[in-house]
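Residue numbers (our numbering): 1451 to 1580. Glycine residues also receive a C-beta, built at the ideal position from the N, C-alpha and C atoms. Each remark here refers to the structure printed beneath this line.
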């Protein structure tokens, strides 16, 4: 059993300075939307001034179309759906992916927030989350 259910990959190509950087999280299993949305809302409420942007493509339990999510600082915009999953790699594996652009925010803090979200799977319906 994985402790977190997600992977991280550094993406320093767009690094502007030591304070602003980007990274990605990948979730192996489909996500329960309500718990994902709550986790992101909590992140934005508590760290939104340091989260410059979140964008992602999500595999959500019960939804066969991928959801596109975007957040800017404290605001999570309504999601949209693509007609189908992209046919090209890496997106054809249908894993959820989130890209973060952050300022003076350790990647580990965001990973911990999602680890708590994923570790909640021991309770009822959340078992299918991560």
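Might you give, ordered along the chain, the residues of its own chain that have their beta carbon closer than 8 Å to the beta carbon of residue i, omitting 5 neighbours on each side?
{"i": "residue 1531", "result": "1513, 1515, 1516, 1517 and 1518"}
Quick one: residues in its chain with C-beta nearer than 6 Å to the C-beta of residue i, no 5 flanking neighbours on either side, listed in chain order?
{"i": "residue 1563", "result": "1493"}
Could you tell me the alpha carbon to alpha carbon distance between residue i and residue j, rounded to whole angstroms?
{"i": "residue 1555", "j": "residue 1547", "result": "19 Å"}
{"i": "residue 1473", "j": "residue 1552", "result": "9 Å"}
{"i": "residue 1523", "j": "residue 1533", "result": "27 Å"}
{"i": "residue 1566", "j": "residue 1537", "result": "32 Å"}
{"i": "residue 1541", "j": "residue 1506", "result": "11 Å"}
Would you give the residue range spanned by the beta strand (DSSP E) that residue i belongs to?
{"i": "residue 1474", "result": "1470-1477"}
With residue i and residue j assumed to form a contact (beta carbons below 8 Å), what rounded beta-carbon distance in angstroms separates them?
{"i": "residue 1502", "j": "residue 1525", "result": "Their Cβ separation, rounded to whole angstroms, is 12 Å, which puts residue 1502 and residue 1525 out of contact at 8 Å."}
{"i": "residue 1508", "j": "residue 1475", "result": "Not really, about 11 Å apart at Cβ, beyond 8 Å."}
Please state whether the Cβ-Cβ distance between residue i and residue j is less than 9 Å.
{"i": "residue 1504", "j": "residue 1484", "result": "no"}
{"i": "residue 1545", "j": "residue 1478", "result": "yes"}
Under 7 Å Cβ to Cβ from residue i, same chain only, skipping five residues before and after it: list those, please.
{"i": "residue 1581", "result": "Residue 1581 lies beyond the range of the chain shown here (1451 to 1580); nothing can be said about it."}
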